[in-house]
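Contents: one structure, followed by commentary.
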Amino acid sequence: MIVLPIVVAAVIVAWGQPVLPPQLPPEPGSIAPAAGVERTEPAEPVALPVAVPMIARAPLDVRVLPAVPSVTAAAAPAKARRPLHKDWWFWAIAGSLFAATVATTYAVTRPEPLPYRGNIYPYVIAVP
Amino acid sequence: MTRASIIVAVVAAAPSLAAVGCHDQPTQVVLVVDSDLLVPADVTSFSVTVAPGPFEPPPDAFLTSAPIGAFPISVGIVSQGQTPSFSFVARLLDEHDPTKALIVLSKTVTDVRFVPEQTLMLLLDLPRSCACQGTSCPLPGDPVCDKITRPALVPFDPALAPATETAPRFAAEGSPQ
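If you want it as structure tokens, here you go:
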């Protein structure tokens, strides 16, 4: 449990370290004399590489650039939603439901077929 | 979305469409009785006693007669689905004297088979040769006059059956509507 905060802190610290530019190799004319060698002639002043952290420097240099059309917006304009009633499948489903309703109503309400009725009493006899 | 929705809609509508043809047709036998006996000189009334099953109705069954206008006469016998067959006794009566009904001709038919959801017809001929003369009736042995078991039925033919109106509802067995 103690290790976790340490690891998190280490990650934060590592993530926050400024990135240093790579060390440039020294130029041929600016080779530093080896240690112990006596310097006989003064060399011309040489700009020593200075490690500068890559951070923004204030004030920021803000420039106004000409507007560039957004590639994303141009490529995919907002598609207008098509009305539901203009889709053929909407009418297919609605028609099916309407037909089912009509058929069900007819089936439920229509009278049952009647038996043949004789021409003399008792006309129709029901047998269990 | 489209294809699946259409399939779902069609599947949902299919049972409703199928239900349109779901009414059962009546299971019925139409009894058509014809005779060369004269109305009202020979016979005046008709009675029929029906019992479920393959056996002859009991002789003490309730008997109600109806006046005959002319031959042929017909009665519809409808199954309610519990028994596959029925039996009956048809009688032609002379009721010139209301206090003394005479059986002129009697015919017993047993084990008439229903066919589910079909209306069939039983053509029953009651000829004069089978009529009783006074108290003397034909003896058993005459195939024309004898009892019939499991008679042949024919498809219902409106041209042979007397024209009638359809019944609004079933009558109880043997009882008036």
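From first to last, the protein sequence lines stand for chains A and B. In this text, residue positions in the first sequence follow this note's numbering: the first is 9, and each later residue adds one. In this text, residue positions in the second sequence follow this note's numbering: the first is -12, and each later residue adds one. In this text, a Cβ means the ideal position worked out from N, Cα and C, and glycines have one as well. Owing to the predicted nature of the structure, the values given are computational and were not obtained by experimental measurement.
In this structure, B:P138 lies away from B:V102, with their beta-carbon atoms at least 8 Å apart.
Taken atom to atom, the span from the alpha-carbon of B:S116 to that of B:G128 is near 13 Å.
Taken through DSSP and simplified to helix, strand or coil, A:K94 comes out as helix.
Listed along chain A, the residues sitting closer than 8 Å to B:A148 by beta-carbon distance are Y124. Residue burial annotation: B:K134 is exposed, with fewer than 16 other C-beta atoms found within 10 angstroms of its C-beta.
DSSP places B:L107 in the strand class (E or B) of the three-state scheme. Nearest to B:V35 by alpha-carbon distance, out of B:V17, B:L25 and B:D23, is B:V17. In this structure, B:L110 sits away from B:V37, with a CB-CB distance that is not shorter than 8 Å.
Contact check for A:P121 against B:Q15 fails: the beta carbons are separated by 8 Å or more. Taking 8 Å as the cut-off, the beta carbon of B:Q67 is found closer than this to the beta carbon of A:P136.
For the beta strand (DSSP E) assignment, the uninterrupted runs of no fewer than 3 residues enclosed by the segment 57 to 116 of chain B are, from N- to C-terminal side, 60 to 66, 72 to 81, 89 to 100 and 106 to 113. By the C-beta density criterion, B:V62 is buried, having at least 16 other C-beta atoms within 10 angstroms. If you draw a straight line from the Cα of B:P142 to the Cα of B:I64, it is about 14 Å long. Put simply, the backbone Cα of B:S72 is about 30 Å away from that of A:A115.
Residues of chain B whose Cβ lies closer than 8 Å to the Cβ of A:P91 do not exist, since the nearest Cβ in that chain is about 16 Å away. The closest CA to that of B:S52, considering only B:M108, B:P85, B:P149 and B:P130, is found on B:P85. CA-to-CA, the gap between A:A108 and A:R90 works out to about 27 Å. Across the set B:A77, B:A148 and B:P145, the C-alpha of B:A77 shows the shortest separation from the C-alpha of B:A118. By the 16-neighbour rule on beta-carbons within 10 angstroms, A:V70 is exposed. Within the model, the alpha-carbon separation for A:H93 versus A:K87 is close to 17 Å. Close CB contacts of B:T136 within its chain, under the 7 Å cut and outside five residues either way in sequence, are with T97 and D98 (chain order). Within chain A, not a single residue places a beta-carbon under 9 Å from that of B:A77; the smallest gap is close to 11 Å. DSSP places A:I128 in no beta strand (DSSP E); its state is neither H nor E. Sequence-distant partners of A:R125 (beyond 5 residues in either direction) whose C-beta falls short of 6 Å from its own C-beta, in its chain, are Y131 and V132. Under the DSSP assignment, B:Q15 falls in the beta strand (DSSP E) whose first and last residues are Q15 to S22.
The C-alpha of A:P67 is placed about 18 Å away from the C-alpha of A:L73. Setting aside the 5 residues that flank it on each side, B:L79 is surrounded in the same chain by S22, L24, V30, F33, V91, L92 and L113, each with a C-beta closer than 7 Å to its C-beta; the list follows chain order. Here B:F42 is exposed. Its C-beta has fewer than 16 other C-beta atoms within 10 Å.
If you draw a 10 Å sphere on the C-beta of B:A148, you find 16 or more other C-beta atoms in it, and that means buried. Assignment of B:F33 by DSSP, reduced to helix, strand and coil, places it in the strand class. Rounded to whole angstroms, the separation of the alpha carbons of B:L140 and A:W97 is 53 Å.
A:T113 carries a helical assignment under DSSP once its states are collapsed to helix, strand and coil.
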